Amino acid sequence: MSHFSVLVISETQLTEEAMRPILQPWHEYECTGVDDEYVIDVDITDKVTASFNEEQEVVVLADGTVIDRYSDSLYQYMGQKDSLGMEKKEFVLPEGAIEKTMTGDEARGHGIGYKTMKICAKVEYGGFECRGRFYRKTNPNAKWDWWTVGGRWTGMLIPNYDPEKDPANKETCSLCNGTGTRTDMVCQNGCNGCGGTGIKVKWPTQWAKVGDILQVKDIPFTTLRDLSEAKAVKWWDDCHAIIAGRYILSWDNVRETCVDIKDAREIFQNDPVKKDLEAAKLIGFWDATNELENLRLSRAAYVTRSRNNAVSTFAVVKGGVWYERGSMGWWGCVSDEKDVDSWGREYAALIDGLSPDTWVAVVDCHI
Ligand SMILES: [Zn+2]
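Once you know that position 86 of the sequence shown is 86 in my numbering, the rest is easy, because the numbers rise by one and skip nothing.
Quick look at the structure:
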């Protein structure tokens, strides 16, 4: 489950209302529950049959009674708690009982497993029966289960706008009532809701909508690209001042030369260049792999990449088609997910080719 950004492009005026039918072809029926023209019945008879006939693990008690191996009555609290302080229950085989594996039908004879295929289809797959076969409703093209205009990407088309710094997106912290100190629990660095400031950033769904639906003529693409370049240049120069001509590791290369992934991790974590950049807070822990790859590029190549990616989203919806990085054949070319530059290049070309009156909208999607 994750959030990703989508750029909706339209020749006609975009509003949240107008975007509903545009994005509807990619809704996830299992979540939206909207049974429309995009939802089809998929035959799941084979899956249901396999689940229905699955072998069952059982316990035969001393008196011959057969019960499910996972029945609550076989689990007891033995004095151990898990990391969350919950009582850990352990399997205890009663005296004289034995563990056994039974066929689906044999277990069913003892009341274990699904009574009927119909129940199995419903519980296991949310499916239904029709003339002896089983089906599940689904939209095979599903891409999202929820979306909102802007959201986490709000203000993406506005130079220097940071939604987390917009006063409109801040509110008094409810955990400490704006005092910065919680009275109900002990926190090390002031209230954990607001970092001790008393003011916290609102949830992205409550953020002010700022420039999320615009016409191409109103989007300062050159400024956005210049800003992206300036930031890129500063970062690249700061990093290379620290690297000072030393070799920059590539995770892929390290991984290829090590048989054991543990050795590869060890080499990568202890690399002096990486450590120096981390100490200078120029690269992050989670993003280090990508950031080091960026630093392996020439300054000019990195600047080009940054300009191309100044305005970029994970996917684009245009003319009733969903394009995304990693999908084959978008705009007629073959790409793979790793090819950051071809996506950025084609994306920039697409945007530059739009007429000034074209409408675009930034959408925060979730799946
Ligand atoms: Zn607080």
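Ideal placement from N, C-alpha and C gives every residue a C-beta, glycine not left out. These numbers were taken from a predicted model, which means no experiment stands behind them.
- Message: As a quick exercise: from GLY178, PRO204, THR205, pick the residue whose alpha carbon is nearest that of ASN192.
- Response: Start at 1 with the first residue of the sequence shown, and residue 192 comes out as number 192. When each option's Cα is compared against that of ASN192, the closest is GLY178.
- Message: List, from N- to C-terminal side, the alpha helix (DSSP H) runs of 4 residues or more that fit wholly inside the segment 65 to 146.
- Response: For the segment 65 to 146, whole alpha helix (DSSP H) runs of length 4 or above, ordered along the chain, are 104 to 108, 117 to 125.
- Please determine, among THR358, GLY79, LEU297, GLU293, the residue with the shortest C-alpha to C-alpha distance to LYS318. The residue labelled residue 318 in the question sits at position 318 within the sequence shown. For the set THR358, GLY79, LEU297, GLU293, the Cα lying nearest the Cα of LYS318 is the one of THR358.
- Query: Is LYS200 near ligand 1, with its Cβ less than 7 Å from a heavy atom?
  - Reply: Taking the first residue of the sequence shown as 1, we reach residue 200 at position 200. Flag set: Cβ of LYS200 near ligand 1.
- Message: With three or more C-beta pairs closer than 8 Å as the rule, is the segment 77 to 87 touching the segment 159 to 173?
- Response: Touching, no.
- Same chain, Cβ closer than 6 Å to ASP276, neighbours up to 5 away in sequence not counted: The residue labelled residue 276 in the question sits at position 276 within the sequence shown. The residues are ILE242.
- Task: Look at VAL42 and MET117 and say whether their C-beta atoms are less than 8 Å apart.
- Result: Your numbering for residue 42 matches position 42 in the sequence shown. Your numbering for residue 117 matches position 117 in the sequence shown. Contact: no.
- Query: Taking just the CA atoms, how far does ILE9 sit from THR15?
  - Reply: Within the sequence shown, residue 15 is the residue found at index 15, counting from 1. Within the sequence shown, residue 9 is the residue found at index 9, counting from 1. Roughly 12 Å separates the two Cα atoms.
- Query: Between CYS365 and ligand 1, is the CB less than 7 Å from at least one heavy atom?
  - Reply: Within the sequence shown, numbered from 1, the residue matching residue 365 stands at position 365. Checking the Cβ of CYS365 against ligand 1 gives no.
- Message: Give me, in chain order, the residues of the same chain whose beta-carbon lies closer than 7 Å to that of VAL201; leave out the 5 immediate sequence neighbours on both sides.
- Response: Taking the sequence shown and counting its residues from 1, the one referred to as residue 201 is at position 201. For VAL201, same chain residues with a beta-carbon under 7 Å away, outside a window of 5 residues either side, are GLU164, ASN169, LYS170 in chain order.
- Task: Excluding the 5 residues preceding and the 5 following SER5 in the sequence, name in chain order all residues of the same chain whose CB lies nearer than 6 Å to its CB.
- Result: In the sequence shown, counting from the first residue as 1, residue 5 sits at position 5. Cβ neighbours of SER5 beyond the five flanking positions: TRP153, THR313, PHE314.
- Just mark ARG246 as buried or exposed, buried being the case when its beta carbon has 16 or more other beta carbons within 10 Å. Locating residue 246 in the sequence shown gives position 246, where the first residue counts as 1. Around the beta carbon of ARG246, fewer than 16 other beta carbons sit within 10 angstroms, so the residue counts as exposed.
- With DSSP collapsed to three states, give me the class of LYS275. Translated into positions along the sequence shown, residue 275 becomes position 275. The answer is helix: DSSP assigns LYS275 an H, G or I state.
- Message: Which residue wins for smallest C-alpha separation from PRO140, given the options ALA288, VAL186, ILE40?
- Response: Counted from its first residue, the sequence shown places residue 140 at position 140. That would be ILE40, whose Cα lies nearest to the Cα of PRO140.
- the segment 95 to 115 contacting the segment 58 to 75, beta-carbon criterion three pairs below 8 Å: The segment 95 to 115 makes contact with the segment 58 to 75; the number of CB pairs closer than 8 Å reaches 3 or more.
- Item | Contact test: CYS176 Cβ vs ligand 1 heavy atom, cutoff 7 Å | In the sequence shown, counting from the first residue as 1, residue 176 sits at position 176. Correct: CYS176 has its Cβ closer than 7 Å to ligand 1.
- Answer yes or no: do HIS366 and TRP203 have a C-beta to C-beta separation smaller than 8 Å? By one-based count along the sequence shown, residue 366 stands at place 366. By one-based count along the sequence shown, residue 203 stands at place 203. HIS366 places its beta carbon 8 Å or farther from that of TRP203.
- Task: Can you give me the start and stop residues for the beta strand (DSSP E) that THR172 sits inside?
- Result: Position 172 of the sequence shown, counting from 1, holds the residue named residue 172. Going by DSSP, THR172 is part of the beta strand (DSSP E) stretching over 170 to 172.
- Message: I'd like the span of the alpha helix (DSSP H) that includes ALA300, first residue to last.
- Response: For this step, residue 300 is matched to residue 300 along the sequence shown. Taken as a continuous stretch (DSSP letters only), the alpha helix (DSSP H) holding ALA300 covers 299 to 308.
- Three-state secondary structure (DSSP) at LEU224? Here residue 224 is taken as the residue at index 224 of the sequence shown, counted from 1. DSSP places LEU224 within a helical segment (H, G or I) once states are collapsed to three.
- Query: Would DSSP call TYR323 helix, strand or coil?
  - Reply: To locate residue 323, count along the sequence shown from 1; it is residue 323. The three-state reading of DSSP puts TYR323 in strand, counting E and B together.
- Message: Short of 8 Å in beta carbon distance, which residues of its chain neighbour LYS122, apart from the five on each side in sequence? Order them along the chain.
- Response: Counting from one through the sequence shown, the residue named residue 122 turns up at place 122. Around LYS122: PHE128.
- Task: For LYS318, write down the residues that DSSP places opposite it in a beta bridge.
- Result: Here the question's residue 318 lines up with position 318 in the sequence shown. The partner list for LYS318 (beta bridge, DSSP) reads ILE9, VAL321.
- Message: Is the separation between the beta-carbon of ASP212 and that of VAL362 shorter than 8 Å?
- Response: Along the sequence shown, one-based indexing puts residue 212 at 212. Along the sequence shown, one-based indexing puts residue 362 at 362. VAL362 sits close to ASP212, with the two beta carbons spaced by under 8 Å.
- Which value, in whole angstroms, describes the spacing of the CA atoms of GLU293 and SER250? Position 293 of the sequence shown, counted from the first residue, corresponds to residue 293. Position 250 of the sequence shown, counted from the first residue, corresponds to residue 250. Going by C-alpha positions, GLU293 is about 6 Å away from SER250.
- Taking only the alpha-carbon atoms, compute the straight-line gap between GLU90 and GLY96 and give it to the nearest angstrom. One-based indexing of the sequence shown puts residue 90 at position 90. One-based indexing of the sequence shown puts residue 96 at position 96. Looking at the two C-alpha atoms, the distance is approximately 18 Å.
- Would you say the beta carbon of GLY211 comes nearer than 7 Å to a heavy atom of ligand 1? As a first step, residue 211 must be located in the sequence shown, where it is residue number 211. The answer is no for GLY211.
- Item | Proximal residues to TYR125 (C-beta, below 7 Å), its chain only, five neighbours per side dropped | In the sequence shown, the residue the question calls residue 125 occupies position 125. Sequence-distant partners of TYR125 (beyond 5 residues in either direction) whose C-beta falls short of 7 Å from its own C-beta, in its chain, are ILE44, LYS47, VAL48, ARG136.
- Task: Tell me whether GLY284 counts as near ligand 1, meaning its Cβ is closer than 7 Å to at least one heavy atom of that ligand.
- Result: Here residue 284 refers to the residue found at position 284 of the sequence shown. Because no heavy atom of ligand 1 lies under 7 Å away, the Cβ of GLY284 does not count as near it: no.
- Message: Please return the same chain residues whose Cβ sits closer than 6 Å to the Cβ of GLY332, not counting the five positions on each side in sequence.
- Response: Sequence index remark: in the sequence shown, residue 332 carries index 332 (1-based). In this predicted model, GLY332 has a pLDDT of only 45, less than 50, meaning its place in the structure is not dependable; the value taken from the coordinates is given anyway. Around GLY332: no qualifying Cβ.
- Message: Is GLY353 a contact residue of ligand 1, with contact defined as CB to any heavy atom under 7 Å?
- Response: To locate residue 353, count along the sequence shown from 1; it is residue 353. For GLY353, the CB stays at least 7 Å from every heavy atom of ligand 1.
- With contact counted as at least three CB pairs below 8 Å, one residue from each stretch, are the segment 253 to 272 and the segment 299 to 314 in contact? Touching, no, given that fewer than three Cβ pairs across the two stretches are closer than 8 Å.
- Task: Spatial neighbours of ILE158 within its chain, please: CB distance less than 8 Å, with the 5 preceding and 5 following residues excluded, ordered by chain position.
- Result: Here residue 158 refers to the residue found at position 158 when the sequence shown is read from its first residue. Cβ within range, chain order: VAL210, GLY211.
- Item | ligand 1 heavy atom lying under 7 Å from the CB of CYS191 | Against the sequence shown, residue 191 aligns to sequence position 191. Inclusion of CYS191 in the 7 Å shell around ligand 1 follows from its C-beta lying nearer than that to a non-hydrogen atom of the ligand.
- Closest residue to ALA50 among ARG20, MET78, CYS120, ASP36 (Cα-Cα distance): Reading the sequence shown from its first residue, position 50 is the one you call residue 50. Measuring from the Cα of ALA50, the nearest candidate turns out to be CYS120.
- What are the partner residues of THR148, as DSSP defines its beta bridges? Looking up residue 148 in the sequence shown gives position 148. According to DSSP, THR148 bridges with ASP364.
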